[in-house]
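Here the sequence shown is numbered in our numbering, starting from 8 and rising by one per residue.
From the three backbone atoms N, C-alpha and C, an ideal C-beta is built for every residue, glycine too.
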Amino acid sequence: MTASERPLLEIRELGVSFDTDEGMVRAVDGVSFVARQGRTLGIVGESGSGKSVATKAVIRLLPANARIDPGSAILLRRDDGEVDIAGLPAKGREVRRLRGGDIGMIFQEPMASFSPVYTIGNQMMEAILEHRDHLARRIGGSFDRKTAREHAIRMLERVGMSNARLRIDQYPHELSGGMRQRAMIALALSTHPSLLIADEPTTALDVTIQAQILDLMLELQQELGMAMLFITHDMGVIAQIAEDVAVMYLGRIVERGPTREVIREPAHPYTRGLLAALPRLDTGRRRLTPVPGDIPSPLQRPAGCPFHTRCPQRMPGLCDRLVPGDTPLDATRSVACHLYGEGAP
Ligand code: SF4
């Protein structure tokens, strides 16, 4: 690890449950990970794996019926010390200050970030002025309406928006899908956050635009030295953007490690399934069905290994009874599966 890769966000034993009419639903079950400055951690899993809930907990954007376990820690390291976001009031001033300031967010649907009734420029300027102290700490200078507008134009230009001086006065619906996505990235990065959370930001885009946006995000991440949490269901996207990966299934991390190594030699049967779904240009293999069946409802969480109902390698009597713990494979990789570690067959 280099000095520029210091841990910026550390999540320890995060648990999130939802209080529903049918009972408590455990969406995130004891998840721990670290996001480092200047690096991207990809969190991958199917819908229902808990990946979005885990990252929404970081910005405290969970629905009102969500409960974060008392023992959970969400530690964000700032220049002036460490803050445990899990312990802050969700609607408090401190969380609002972190959200959009220290932590930027990009979603699949840009309209989740933009209001349709204000221009792109108005919304960017509002964010810049609201977080002007944070921004001044990050890049220096002071911001009033005029300098905030100039900064917003520079950010729009930086994300490749042509005619930024004209576009800044347009409404979100006046931009194409790709341009709206660029505007959302400009909005999220206009306050120069130290952590960027990107939740399926390219899923709705066609492949060419998706590749452009991923390249842009990587460029900006290097330029601004941010840590990035990139959430997706697509292992192909992870391969393009993330140095490290955590694979989630039914609220737990089942495998983690440097992306290249996990892709070259996946250890967990679920990771193998996700990779088997990718088309291979070298072999001409077409898209395959990764793993049979669907992810179970968190209301009917299976006993033992959460993946045993779909696992081609399950060992009856063991996998359906005992929850596998995290087994280190080497200094950087670990897997939660009974095929590894003490007592493995
Ligand atoms: Fe499959 Fe058993 Fe490993 Fe779970 S613990 S992934 S069921 S082999």
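Item                                                                                                                                                                 : Value
Any heavy atom of the ligand SF4 closer than 7 Å to the CB of residue 2?                                                                                             : Nothing about residue 2 can be reported from this structure: the residues present for the chain run from 8 to 352 only.
Over what stretch of residues does the alpha helix (DSSP H) that includes residue 134 continue unbroken?                                                             : 127-137
Determine the DSSP secondary structure at residue 10, reduced to helix, strand or coil.                                                                              : With a pLDDT of 49 at residue 10, under the threshold of 50, the predicted position of this residue should be treated as unreliable, and no value is reported.
DSSP three-state call for residue 337: helix, strand or coil?                                                                                                        : coil
For residue 248 and residue 319, what's the separation of their Cα atoms in angstroms?                                                                               : 29 Å
When the distance is taken between beta carbons, is residue 242 closer than 8 Å to residue 212?                                                                      : no
Considering just the uninterrupted stretch of the alpha helix (DSSP H) at residue 53, what are its terminal residues?                                                : Taken as a continuous stretch (DSSP letters only), residue 53 belongs to no alpha helix (DSSP H), as it is neither H nor E.
Under a Cβ-count criterion, where at least 16 other Cβ atoms within 10 Å of its own Cβ denotes burial, should residue 86 be classed as buried or exposed?            : exposed
Do residue 252 and residue 266 count as a contact pair if the criterion is CB distance below 8 Å?                                                                    : yes
Looking only at its chain, what residues have a beta carbon closer than 8 Å to the beta carbon of residue 13, apart from the 5 residues adjacent to it on each side? : 43, 44 and 84
Take the Cβ of residue 180 as the centre, count every other Cβ of all protein chains shown within 10 Å, and call the residue buried at 16 or more, exposed below.    : exposed
Would DSSP call residue 90 helix, strand or coil?                                                                                                                    : strand
Closest by CA to residue 112, which one among 218, 143 and 190?                                                                                                      : 190
Can we say the stretch 20-28 touches the stretch 203-223, given the rule of at least three CB pairs closer than 8 Å?                                                 : no
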